[in-house]
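Notes follow the structure.
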Amino acid sequence: MELTYTSDKVRLQCTSIKMANKLFGGNAALTKSLLARINALASADNIKDIIVQPTFRFHRLTNKKGKNLEGYFAIDVKSIKEPWRIILQPLNSDKQPYNPCNIDEIAECIKIIEITEVSKHYE
35 MELTYTSDKV
45 RLQCTSIKMA
55 NKLFGGNAAL
65 TKSLLARINA
75 LASADNIKDI
85 IVQPTFRFHR
95 LTNKKGKNLE
105 GYFAIDVKSI
115 KEPWRIILQP
125 LNSDKQPYNP
135 CNIDEIAECI
145 KIIEITEVSK
155 HYE
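So in the numbering used here the end of the sequence shown lands on 157, straight run, no missing numbers.
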């Protein structure tokens, strides 16, 4: 799958051990898990390969505090016990968001995703 990033900062957090370690305050387990998740995303043929793996806990985000999160999804960086999530948005072949994003119907077609952030999304 092709991965794009909303910014160079997000790209570096997802691809650089040094930047990931800084993001997680030196937590090597989270750094290792993040880089493994990014590798898994890049190695997948399409998003369905990720959705069907329970360890990723792929889930739809809902609107929160006035922020429209329609079409955004998250996977756990390590596990549900950790607050860190990789926030992503599926893109079409023109690198535009699907509107509407009926993930169940188009999962096998999604071959491009944009990583928008790695954060403690629920805090």
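We put the beta carbon where it would ideally sit given N, CA and C, even for glycine.
Spatially closest choice to residue i from the options, by CA coordinates
i    : options               : result
V111 : M53, S153, R45        : S153
W118 : L46, D79, N61, D42    : N61
T38  : I146, N80, Y156       : I146
I114 : A74, A70, P88         : P88
E151 : D42, I51, Y132        : D42
F107 : E116, A63, L122, K101 : L122
A63  : R94, E116, Y156       : E116
V44  : L95, I120, Y156, N133 : I120
S67  : T49, I81, N97, N133   : T49
H155 : R94, K129, N133       : R94
Cβ-Cβ distance between residue i and residue j below 7 Å
i    : j    : result
F92  : I72  : no
A54  : T65  : yes
C135 : G105 : yes
Rounded separation between residue i and residue j - CA only
i    : j    : result
T40  : I140 : 22 Å
P124 : L103 : 12 Å
M35  : I84  : 10 Å
D138 : P131 : 15 Å
F58  : L69  : 12 Å
Counted within 10 angstroms of its Cβ, other Cβ atoms place residue i as buried (16 or more) or exposed
i    : result
S127 : exposed
A78  : buried
Q47  : buried
V86  : exposed
I149 : buried
I51  : exposed
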